[in-house]
Structures are given as structure tokens and as C-alpha cells.
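Top to bottom, those sequences are chains A and B. Its first residue numbered 1, the first sequence is counted upward by one per residue in our numbering. Its first residue numbered 556, the second sequence is counted upward by one per residue in our numbering. Note that the Cβ used here is the ideal one computed from N, Cα and C, for glycine as well. Here the structure is laid out as C-alpha cells; the discussion comes afterwards.
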Amino acid sequence: MEINADSSAGVAPTHQAEPLNYLNHKKGIASWLFTVDHKRIGLMYLALIGVALFLGGVFALAVRTHLLRPSDKMLTPEQYAQMFTLHGVIMIFLVIIPGIPAVLGNFVVPLMLGAKDVAFPKLNLFSWYLFATGVVMALVTLFTGGLDTGWTLYTPYSSTSFSNVSLVGTAAFIMGFSSILTGLNMMVTIQTMRPKGMTIFRMPLFLWAAYATGIIQIIGTPVLAITLLLLLMERFFRVGIFDPAMGGDAVLFQHFFWFYSHPAVYIMVVPAFGVMSELITVHTRKTIFGYKAIAYSSVAIAILSVIVWGHHLFVSGQTMRTSVIFSIITFAVAVPSAIKVFNWMATLYKGSIALTTPMLFALSFLFTFGIGGLTGLFCGALAIDVHVHDTYFVVAHFHYTMIGVVMVMLGGFYHWWPKITGKMYHERLGQLSAVLVFIGMQMTFLPQFIMGSLGMPRRYYWYPDEFSMHHHISTGGSYILAAGFALVAFNLIWAIFNGKKAPANPWGGATMEWYTQSPPLPHNFDSAPEAGDPYDYTKVHWDNEKKEFISPYVQ
Amino acid sequence: MSDSHAHHDPHLAHHFDSHKQQFTAQKLGMWLFLATEVLMFGGLFVAYSVFRYNHPQMFHEGHKHLNWILGATNTVILLFSSFTMAMAVRCAQLGNNKAVIRFLAVTFACALGFMCIKYVEYSEKIAHGHLLGNLYDFEHKSEGAEGEGHSAVTHESTEDASRKSTESKPEAETQEEAAARIEGEKNQHVFFSLYFMMTGLHGIHVLVGMAIMIWLFLRARKNEFTPTHFAAVDLSGLYWHIVDIVWIFLFPLFYLIS
Chain A
1 MEINADSSAG VAPTHQAEPL NYLNHKKGIA SWLFTVDHKR IGLMYLALIG VALFLGGVFA
61 LAVRTHLLRP SDKMLTPEQY AQMFTLHGVI MIFLVIIPGI PAVLGNFVVP LMLGAKDVAF
121 PKLNLFSWYL FATGVVMALV TLFTGGLDTG WTLYTPYSST SFSNVSLVGT AAFIMGFSSI
181 LTGLNMMVTI QTMRPKGMTI FRMPLFLWAA YATGIIQIIG TPVLAITLLL LLMERFFRVG
241 IFDPAMGGDA VLFQHFFWFY SHPAVYIMVV PAFGVMSELI TVHTRKTIFG YKAIAYSSVA
301 IAILSVIVWG HHLFVSGQTM RTSVIFSIIT FAVAVPSAIK VFNWMATLYK GSIALTTPML
361 FALSFLFTFG IGGLTGLFCG ALAIDVHVHD TYFVVAHFHY TMIGVVMVML GGFYHWWPKI
421 TGKMYHERLG QLSAVLVFIG MQMTFLPQFI MGSLGMPRRY YWYPDEFSMH HHISTGGSYI
481 LAAGFALVAF NLIWAIFNGK KAPANPWGGA TMEWYTQSPP LPHNFDSAPE AGDPYDYTKV
541 HWDNEKKEFI SPYVQ
Chain B
556 MSDSHAHHDP HLAHHFDSHK QQFTAQKLGM WLFLATEVLM FGGLFVAYSV FRYNHPQMFH
616 EGHKHLNWIL GATNTVILLF SSFTMAMAVR CAQLGNNKAV IRFLAVTFAC ALGFMCIKYV
676 EYSEKIAHGH LLGNLYDFEH KSEGAEGEGH SAVTHESTED ASRKSTESKP EAETQEEAAA
736 RIEGEKNQHV FFSLYFMMTG LHGIHVLVGM AIMIWLFLRA RKNEFTPTHF AAVDLSGLYW
796 HIVDIVWIFL FPLFYLIS
């Protein structure tokens with residue numbers, strides 16, 4: 001909500017001087033709550049996600065602070081279980097899944113297409129309301145019994161737990177529909193609303209990623225919906241599908257759950273890949289290396305992602321043959337992921353690398369995601385997984401991938417912030433925030449790899465003394481990480497009030513969102529621009545008198 | 556500028572360039588939505604398959620409590636309603652709003668008939684205590700009310716089960732068959748959980764379809780559908796066919812097992 005208030009209040013005094021844009025053309029809270037403008041809806045998502053990120057972060061710090069000296073009993077075991085569960089649920093369902101697709105996807109996709117809006121603007125607003133309802137329900141849970149099952153909601157504990165699984169289940173169910181409808185909207189928009197000249201191989205790679213994400217959302221999320229519905233039925237009527245006491249099959253729940261939740265990992269990562277492709281090329285001012293390979297690998301990941309869920313069940317009583325097949329397919333997913341990483345590295349080669357804040361976040365991602373991806377192969381290998389399953393090794397592995405995604409998300413916010421708000425952020429502070437996030441991240445999770453491989457199980461309230469050094473370093477790192485996030489938030493909000501006015505094309509990008517003014521017109525473009533090569537930087541010129549980049553097709 | 560032009564045409568949203576683009580987008584959106592519907596029902600069908608594979612006897616015993624004549628009647632009704640819905644779409648494409656109203660009315664009547672028959676079936680199940688999960692009549696309280704041979708039994712009262720089953724079919728079956736049947740009579744509440752959840756979710760979709768038909772009906776009365784502007788009827792038709800197709804699978808899977 002901060003964003004809403006800021007933009008209308010901050011813009012008002014300079015109204016005469018400033019040209020008409022999507023932020024100042026209508027005022028008042030109602031003009032936001034009933035808007036069908038994709039740009040405003042994107043910002044409304046950002047407001048909710050910002051609140052959720054703060055809460056999820058506080059819970060994580062509570063867990064880490066408790067683990068600094070568990071003998072102090074800062075949290076009771078019940079509270080501890082609640083904290084890590086709520087941290088997981090909030091970060092996954094309220095922050096990372098909607099983060100890039102709903103905020104940047106909404107804001108950037110139609111602009112990159114030179115379109116006036118997404119294909120279904122009202123549906124888009126409806127999706128936001130669904131999401132907001134889910135967020136409110138999740139927050140209500142905090143005060144009505146909480147949740148102590150772990151974010152995975154495994155049965156039979158979740159079907160009998162006295163914590164408020166029902167409300168969280170309903171919240172996730174509703175947010176699932178928000179996710180489905182957003183994915184559907186993006187797919188239809190990209191498929192049917194491309195401008196003249198934009199063939200599928202001239203689409204910016206972020207659009208490929210948004211499309212691939214839509215595919216995964218549409219395949220995976222309905223299965224989550226039915227799983228949660230069955231879980232709710234199990235709690236209310238004990239229907240006997242998942243609860244062994246009633247004749248059900250608890251492992252069936254794990255299959256159902258991971259059929260969604262593993263692809264969900266790629267719902268989070270694939271859009272980040274898309275943002276990466278944009279950040280890397282724009283900030284090296286070099287055309288992307290291996291366009292088609294990156295584009296196709298997004299789709300390959302989307303398809304492979306829905307057939308690897310069984311690697312979460314290696315120790316759940318799956319037959320060995322099934323496990324071997326899932327293990328092999330899991331290794332196969334590494335191929336398209338590696339293709340992307342190598343292509344980005346090749347893009348950097350002999351590029352003119354500018355160490356701007358978005359670029360620092362992108363480079364952090366390359367390093368962090370590299371480790372996260374490679375340790376994923378450890379977990380996908382059958383024998384090693386038996387050893388590392390449910391240890392801190394797994395925790396470190398997925399935080400390396402997920403915080404990698406968050407890094408790209410923050411890099412993306414910095415990158416498009418001049419377009420979104422019309423103001424420049426503070427570059428030095430931005431670079432400092434990127435460095436803090438990077439150092440904090442490594443310090444928090446590298447020790448977790450080590451203690452995990454030494455056998456420290458995840459989710460434990462207590463640990464033997466031999467792990468205290470690892471835990472202390474990890475907790476110290478988490479404070480640095482938190483400081484980094486706080487600095488990002490401060491910098492972005494500071495920019496709204498005190499930032500320099502942003503030019504239309506601050507980075508010299510060649511995709512179409514930079515063709516319109518910053519912030520964009522209410523309807524984006526006066527007339528539809530014609531698309532060319534989105535990565536041809538020779539057509540963007542530096543004007544030495546105006547001290548800014550001139551796009552080939554200025555509105 | 557296409558913007559000012561768009562304001563002359565109330566049927567073309569401002570962010571689309573042409574009717575063709577708008578229609579393509581709407582149609583693609585609907586197909587993607589239907590894909591999610593299929594996947595959502597797909598989860599239930601997978602659950603069905605897993606339990607059917609692991610406990611075939613449970614399904615065999617359970618289906619005896621379902622009335623296949625009512626099920627078959629409902630199948631015919633829904634198939635016919637799909638035909639009338641297709642005719643409504645055709646008439647909307649031709650801009651014949653009067654005929655759209657007529658065909659929608661018939662389709663609506665079919666949907667209503669379907670729900671009435673479902674009501675009769677559900678009432679019968681409820682009267683006999685054949686309900687889902689812990690609502691299932693484990694104690695056979697409603698046993699006396701009707702003359703069913705062997706009502707279902709849970710694992711909690713297996714002794715009771717063997718006694719009852721020997722009473723109902725004393726000499727016709729071998730020991731093996733009896734064992735299989737007792738096995739099947741266990742966990743009958745799971746069969747009815749699946750039955751109620753799958754037909755229930757389908758029933759909710761029928762109700763939604765009926766609401767959509769009322770909306771289309773009101774729009775057709777205002778003569779809103781023209782040969783260039785019939786997407787609402789067309790896409791609702793697609794939805795209705797999916798509702799029909801789901802039933803086509805539900806009917807044999809529950810009523811026609813043997």
C-alpha cells in the first residue's frame with residue numbers, strides 16, 4: 001500500500017510540470033482498487049508481496065536467532081515449528097511464486113509487446129483480489145492457531161493437526177487460482193498480442209520465460225487445487241483418501257503434492273531466468289549469446305519439470321525402478337539449466353560489463369544458482385540422497401536456488417524501477433545492497449551444506465555442540481542478509497521521493513518497454529511500435545548533449 | 556489511431572486491434588482454462604485409479620449400491636444437452652437470438668433434469684447411510700429402514716461383517732468369494748468418498764453452467780449476439796461440453812463396474 005500512497009502523494013505537487021502518465025492520470029485509492037491497468041495491478045501485487053516478504057523474513061530471523069543458542073529457549077518447540085512452517089509457506093506461496101510473474105510479468109510483458117494491456121484486464125484485477133484474499137487468510141492464520149506441519153503439509157499429520165491447516169489450505173487454494181489465471185493471461189497475451197514484426201524468435205527472452213511459466217502454472221496448479229481440496233475434505237469428513245487410519249494412502253498425498261510443488265520450483269525459477277537474460281544483455285550492451293538455445297531450454301524445463309516429482313519420494317517407499325527413472329529425468333533437467341548458464345557466461349565474454357546494481361544481482365545469481373543447481377544433482381542421486389535427505393544439506397540446496405531467484409527479482413526491480421516510478425535509485429547504495437545480500441546469503445547457507453553433510457537434520461529445535469560453530473556463522477549471515485534486504489527496500493522507496501528523474505531509456509535497452517516514456521503513458525504507447533531484434537544495441541544511440549540513450553523509435 | 560476507432564465499437568475492447576485478435580485471445584484463454592479443469596478432475600481420477608487398482612473389490616461392492624438406470628438416464632440427458640448447446644452456438648453465429656433463447660432453454664431444462672435425478676440419487680444414498688468419510692453409517696443404523704442385502708462394513712467391525720454377509724448369501728459363494736467380498740465391504744466409506752467428491756465437483760460445475768446459461772439467456776433477449784460477436788455463447792458451449800465429457804467418464808467408472 002505504501003507504493004499507492006507514495007505515487008499519488010509524491011506526484012501531486014509537480015503535476016503541472018510532469019507529463020501525463022499512468023501514476024498521475026487518476027488519483028485516489030479507488031482509482032487503484034478498481035483499476036484494470038496492468039501496470040497499476042503489478043504495483044498492487046508488489047505492495048502485498050513486500051508485506052509478505054517482511055513477515056517471512058521476520059519468521060526466518062526468529063528461527064535463526066533461536067538456533068544461535070537453543071538452550072536459551074527463546075521459542076518453545078511449538079512456536080519453533082510454527083515459525084519455520086510459516087516462513088516456508090509465506091516465502092513460497094506469497095513471495096517467490098507470485099514475485100516475478102505477477103509483479104514484473106504484469107508490468108513488463110505488455111510493454112515489451114508494445115500492447116496496451118494484457119489480454120484479459122478484468123481477469124487480471126480479479127486475480128489480484130484472489131491473491132489479496134489468500135494473503136489476508138494467511139495472515140489471519142497467524143492469530144488463529146498458526147500452522148505447524150512444515151510447508152509440505154504432509155498427511156497424516158496435516159489431516160489431524162490442531163493448528164489451522166484448513167485456513168492455510170483454503171488460502172493456498174485461492175492463491176492457486178490467482179496463479180493459474182495470471183499464467184493464463186500471460187500466455188494468451190504473448191500468443192495473440194504480439195506487434196507487427198515480432199515473430200516468436202524476435203520475442204525478448206523474458207517473454208519466452210513468462211510463456212513457459214504459464215505452461216507450468218496451468219499444468220501444475222490445478223493438481224495442487226484438487227490436492228488441497230482433498231486435504232480439506234480429509235480434515236472435515238475424514239474421507240479416507242490420504243489418512244491411513246481411515247483406509248487412505250499417505251504417500252499418495254506426497255505424489256500429489258510434489259506433482260505441483262516440484263514444477264512450482266520452476267514457476268519460481270523460469271521467470272528469473274527470463275529476467276536474467278534481459279539484465280545480462282542490457283548491462284553488457286552485447287547481444288544475447290545463443291538466443292534459440294535459451295528460448296528452447298525454457299520450454300524444455302517447463303516440460304521436464306512436471307515429470308520429476310518422484311525425486312522427493314526416494315525414501316518414502318517408492319519402488320527402486322520408479323526411483324531410478326525419476327533420478328535419471330532429474331539429471332536431465334540439469335541440461336537445459338546448464339545451457340542457460342553457459343549462454344549467459346558466453347554473453348558476458350568480451351561484453352562491456354557495467355557493474356550496475358542489476359548486473360551485480362545478476363552475477364550473484366550466476367554464482368549462487370550454479371551452486372544451488374549442482375547440489376541439486378547430489379540430492380537427485382539415489383545413494384547420496386538417502387544420506388542427505390531431510391538434512392540441512394537439502395535446506396541449503398533449495399535456499400541457494402530460491403534466494404538466487406530473489407536476487408534476480410531484486411535485480412529486476414532495480415532494473416525496471418526507473419520505468420515503474422520514473423525515478424532513479426541511488427546507485428552506490430544499490431551496489432552496497434547487492435554486496436550485502438550476496439555475502440549474507442553465502443554466509444548463511446554455506447555452513448548449512450557442511451552441517452547437513454555431517455548429518456544435522458532439518459527442522460530440529462536443538463543441536464549437539466559440535467554444530468554450534470556452523471549454526472553461529474549461519475545466524476550471523478542471516479542478519480547480514482536481512483540488512484541487505486532492508487537496504488534494497490530503503491533504496492527503492494527513497495528513489496520514489498528523492499530519486500533523480502529517470503530518462504525513458506536509462507540503460508540503453510533495445511526492448512520495447514524502453515521506447516515509451518518513464519513512467520509510461522496510461523495506455524503505454526500512442527501508436528503500436530514495430531518490433532525488431534530485441535538485442536540489437538547498435539540501434540540505440542548515446543546522445544552526448546542530452547546525456548541519455550535515444551531509442552530508435554521514440555514515442 | 557486504433558484507440559479512437561475502438562470507442563465506436565462497444566464489442567471490441569480498447570486493447571485489441573481487431574475482432575479477430577480479440578476472438579482468438581478469448582478462445583485460447585478458454586481452452587487453457589479447460590485444460591486446467593481437466594487437470595483438476597485428473598487428480599481425482601488418479602486417486603480413483605490408485606484405489607481401484609489396490610482395492611478392486613471395494614469398488615465392485617460399492618457400485619452395487621448405485622442405480623445404473625438413473626445414471627444412464629442422466630448420461631442421455633447430458634448428451635442431448637450438449638447437442639442443444641451446440642445448436643445454440645450455431646444460432647448465435649448466425650445472429651438468430653430467438654433460436655439461441657429456445658436452445659438455451661432446452662439445455663437449461665436438461666441441466667435441471669440432471670440435477671433433479673442427482674438429487675434423487677443423493678437422497679437415496681443419504682437415507683441408506685452411504686455417505687462419505689466419517690459421515691458413513693458404520694453402525695448400520697439405517698439398515699432396518701430398507702431391504703438391502705449386505706450393507707457395507709468397516710474394518711472396525713469385521714466380525715460383524717462376516718456375520719452379516721453369511722446371513723445374506725449363505726450357500727451361493729465359495730469361501731474365496733466370501734473373503735473377497737468381505738475385503739470389498741471394508742472401507743466402503745472410501746468408495747463413497749470418491750463417489751461424492753467426484754460427482755459432487757461435477758455437480759458444482761453443472762450448477763455453474765446453469766448460471767452461465769441464465770446470463771447468456773438475458774443477453775440473447777437483448778439481441779446482443781451477432782455473426783461477429785458470439786464469443787460468449789461459443790466459449791460457454793465449450794465449457795458445457797467439458798462438463799458433459801467428465802460425466803461420460805464418471806458414469807462407467809462408478810455405475811458400470813463388474
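Note down the Cα distance separating residue i from residue j, rounded to an integer number of angstroms.
{"i": "Ala775(B)", "j": "Asn652(B)", "result": "5 Å"}
{"i": "Leu811(B)", "j": "His618(B)", "result": "7 Å"}
{"i": "Met424(A)", "j": "Phe751(B)", "result": "58 Å"}
{"i": "Phe206(A)", "j": "Gly214(A)", "result": "12 Å"}
{"i": "Ala212(A)", "j": "Ala102(A)", "result": "14 Å"}
{"i": "Thr713(B)", "j": "Leu690(B)", "result": "Confidence is the limiting factor: at Thr713(B) the pLDDT is only 45, short of 50, which leaves the residue's position unreliable and the question unanswerable from this model."}
{"i": "Ala293(A)", "j": "Leu649(B)", "result": "47 Å"}
{"i": "Ala787(B)", "j": "Leu771(B)", "result": "7 Å"}
{"i": "Thr322(A)", "j": "His255(A)", "result": "12 Å"}
{"i": "Val386(A)", "j": "Ile480(A)", "result": "33 Å"}
{"i": "Asp390(A)", "j": "Ala396(A)", "result": "11 Å"}
{"i": "His570(B)", "j": "Thr192(A)", "result": "12 Å"}
{"i": "Ile325(A)", "j": "Ile307(A)", "result": "10 Å"}
{"i": "Gly430(A)", "j": "Ala482(A)", "result": "15 Å"}
{"i": "Phe809(B)", "j": "Tyr608(B)", "result": "14 Å"}
{"i": "Phe693(B)", "j": "Phe600(B)", "result": "26 Å"}
{"i": "Ile200(A)", "j": "Ser161(A)", "result": "49 Å"}
{"i": "Val661(B)", "j": "Thr628(B)", "result": "16 Å"}
{"i": "Met753(B)", "j": "Gly372(A)", "result": "40 Å"}
{"i": "Val540(A)", "j": "Trp128(A)", "result": "36 Å"}
{"i": "Gly370(A)", "j": "Gly197(A)", "result": "35 Å"}
{"i": "Ile384(A)", "j": "Met268(A)", "result": "26 Å"}
{"i": "Lys39(A)", "j": "Trp416(A)", "result": "12 Å"}
{"i": "Phe588(B)", "j": "Val801(B)", "result": "15 Å"}
What in chain C is Cβ-close to residue i, meaning under 7 Å?
{"i": "Phe120(A)", "result": "Here chain C cannot be found, since the structure's protein chains are A and B."}
The alpha helix (DSSP H) spanning residue i covers which residue range?
{"i": "His615(B)", "result": "Pro611 to His618"}
{"i": "His569(B)", "result": "Per DSSP, His569(B) belongs to no alpha helix (DSSP H) and is neither H nor E."}
{"i": "Glu466(A)", "result": "It is not in any alpha helix (DSSP H) - Glu466(A) carries neither H nor E in the DSSP assignment."}
{"i": "Glu78(A)", "result": "Pro77 to Val89"}
{"i": "Gly373(A)", "result": "Thr357 to Gly380"}
{"i": "Met203(A)", "result": "Neither: Met203(A) is in no alpha helix (DSSP H) and is coded neither H nor E."}
{"i": "Gln517(A)", "result": "From DSSP, Gln517(A) is part of no alpha helix (DSSP H); its letter is neither H nor E."}
Quick one: residues in its chain with C-beta nearer than 8 Å to the C-beta of residue i, no 5 flanking neighbours on either side, listed in chain order?
{"i": "Val239(A)", "result": "Leu230, Met233, Met246 and Gly248"}
{"i": "Phe658(B)", "result": "Thr639, Met640, Met642, Ala643 and Cys646"}
{"i": "Ile339(A)", "result": "Gly290, Ala293, Ile294 and Ser297"}
Check for me: the beta strand (DSSP E) holding residue i runs from which residue to which?
{"i": "Glu731(B)", "result": "Note, Glu731(B): premise wrong, no beta strand (DSSP E); alpha helix (DSSP H) at Gln730 to Glu740."}
{"i": "Asp543(A)", "result": "His541 to Asp543"}
{"i": "Glu694(B)", "result": "That residue, Glu694(B), is in no beta strand (DSSP E); it is neither H nor E in DSSP."}
{"i": "Glu548(A)", "result": "Glu548 to Ile550"}
Spatial neighbours of residue i within its chain, please: CB distance less than 6 Å, with the 5 preceding and 5 following residues excluded, ordered by chain position.
{"i": "His87(A)", "result": "Gly56, Phe59 and Ala60"}
{"i": "Ile403(A)", "result": "Met441"}
{"i": "Glu616(B)", "result": "Gly739 and Glu740"}
{"i": "Val488(A)", "result": "Leu410 and Ser433"}
Buried or exposed for residue i, going by 16 or more other Cβ atoms inside 10 Å?
{"i": "Ala707(B)", "result": "Here Ala707(B) scores only 41 on pLDDT, less than 50, and its place in the model is too uncertain to base an answer on."}
{"i": "Val223(A)", "result": "buried"}
{"i": "Leu567(B)", "result": "buried"}
{"i": "Pro506(A)", "result": "buried"}
{"i": "Trp586(B)", "result": "exposed"}
{"i": "Cys671(B)", "result": "exposed"}
Take residue i and list the residues in its own chain whose beta-carbon comes closer than 7 Å to its own, dropping the five residues that flank it on each side.
{"i": "Leu48(A)", "result": "Phe131, Ala132 and Val135"}
{"i": "Ser717(B)", "result": "Its pLDDT being 46, under 50, Ser717(B) is placed unreliably in this model, and the coordinates cannot settle the point."}
{"i": "Gly380(A)", "result": "His311, Ser327, Thr330 and Phe331"}
{"i": "Leu147(A)", "result": "Gln82, Thr85, Leu86, Val89, Thr141, Ser163, Asn164, Val165 and Val168"}
{"i": "Val745(B)", "result": "Phe606 and Met613"}
{"i": "Gly99(A)", "result": "Ile49 and Met409"}
{"i": "Phe393(A)", "result": "Phe449, Gly452 and Ser453"}
Please give the ranges of any alpha helix (DSSP H) in the region 110 to 182 of chain A, keeping only runs that are unbroken, at least 4 residues long and fully inside the region.
121 to 143 and 157 to 160
Quick one: complete beta strand (DSSP E) runs, 3+ long, within the region 254 to 334 of chain A?
none
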